[in-house]
Amino acid sequence: MNTQILKMIEPTVEMEQPFWDFCSAFDSPKDIDGIGMMRHAADEGFAKAVELSLLSRTQSNVKPGWVAQTTFWLFNDQNQMLGTIDLRHELNELLFNWGGHVGYAVHPDHRHKGYATFMLNHVLEYARSRSMDRLMISCQEGNIASEKLILNAGGIYENSFFVDEYNKDVRRHWITL
Ligand SMILES: CC(C)(COP(=O)(O)OP(=O)(O)OC[C@H]1O[C@@H](n2cnc3c(N)ncnc32)[C@H](O)[C@@H]1OP(=O)(O)O)[C@@H](O)C(=O)NCCC(=O)NCCS
């Protein structure tokens, strides 16, 4: 990673343009891993999605069956949004089976520079601060960068599940905090 200053922030209305610049590298906000409630930005509007993101940190604000989550964005010192990551505070059945506690994505122009590693380290610290004791993180079979990221962070492979939606196996790992 180069020496630029990186910061992790929670969604804020001040970062609307960098958010859209980040999203423009993907088909739609809905397709971005680790974007949390910001996936609603195109349909509901950016400001509403920020509000939903911040509300969704608290379990009493989320829909029945859903879990609270915290989303962080990675920015550099030129105000470019480089990545997004979210931490689900607990696992429901779907998350336990394959979604896991954490999702993440880095802008395609900025991959392989250590940014996902930086984001994941931040989220591991944050999870520790919430007294979480272990995290399940999954990746699709063949997602080499994602699996390396998980293993480098201390992830231990547990097992795989075939997921019809992806037509592939999803590999489950646990990180002890
Ligand atoms: C997975 C993803 C977040 C990794 O982001 P990144 O910033 O490139 O990752 P890092 O630079 O921190 O690298 C993490 C590890 O993956 C390796 N890596 C990164 N890109 C790689 C590639 N294209 N091929 C092989 N290894 C790669 C790195 O070398 C590093 O391992 P190492 O330290 O042992 O060498 C990024 O590829 C991405 O956004 N993918 C699309 C979304 C996605 O798949 N999310 C995960 C869903 S499970």
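Per full-length UniProt numbering, numbering through the sequence shown is continuous, rising by one, with the last residue being 177.
We put the CB at the ideal spot given by N, CA and C, even for glycine.
The structure presented is a predicted model; accordingly, all values stated were derived computationally and were not measured.
Buried or exposed by the 16-neighbour rule on C-beta atoms within 10 Å, applied to residue i
i      : result
Glu93  : exposed
Tyr157 : exposed
Thr70  : buried
Ile35  : buried
Ser53  : buried
Tyr104 : buried
Ala47  : exposed
Ser60  : exposed
Distance between beta carbons of residue j and residue i, contact taken as under 8 Å
i      : j      : result
Met136 : Phe162 : Between Phe162 and Met136 the Cβ distance is about 17 Å, and since that is not below 8 Å, they are no contact.
Ile32  : Cys23  : 7 Å
Check: residue i C-beta below 8 Å from any heavy atom of ligand 1
i           : result
Phe118      : yes
Ile35       : no
residue 241 : Within the shown structure, residues of the chain are numbered from 1 to 177, placing residue 241 beyond reach of any answer.
Ser138      : yes
Asn92       : no
His173      : no
Arg134      : no
Pro29       : no
Ile144      : yes
Pick from the options that is closest to residue i, judged by C-alpha positions
i      : options                        : result
Lys168 : Asn152, Ser138, Thr176         : Ser138
Gly142 : Val106, Arg171, Ala116         : Arg171
Ile150 : Ser129, Met119, Tyr166, Gly36  : Met119
Ile144 : Arg111, His122, Thr176, Glu125 : Arg111
His122 : Asp27, Leu177, Pro108          : Leu177
Gly83  : Trp20, Gly100, Val13           : Trp20
Ala68  : His101, Ser160, Ser56          : Ser56
Asn159 : Pro64, Thr58, Gly100, Leu74    : Gly100
Closer than 8 Å: residue i CB and nearest ligand 3 heavy atom
i     : result
Val67 : With respect to ligand 3, the structure offers nothing, as its ligand set consists of ligand 1.
* Every unbroken beta strand (DSSP E) inside the UniProt domain "N-acetyltransferase" (36-177) [3 residues or more] -> Secondary structure within the UniProt domain "N-acetyltransferase" (36-177): the beta strand (DSSP E) runs of 3 or more consecutive residues, fully enclosed, are 69-76, 81-88, 102-106, 134-140, 156-163, 168-176 (chain order).
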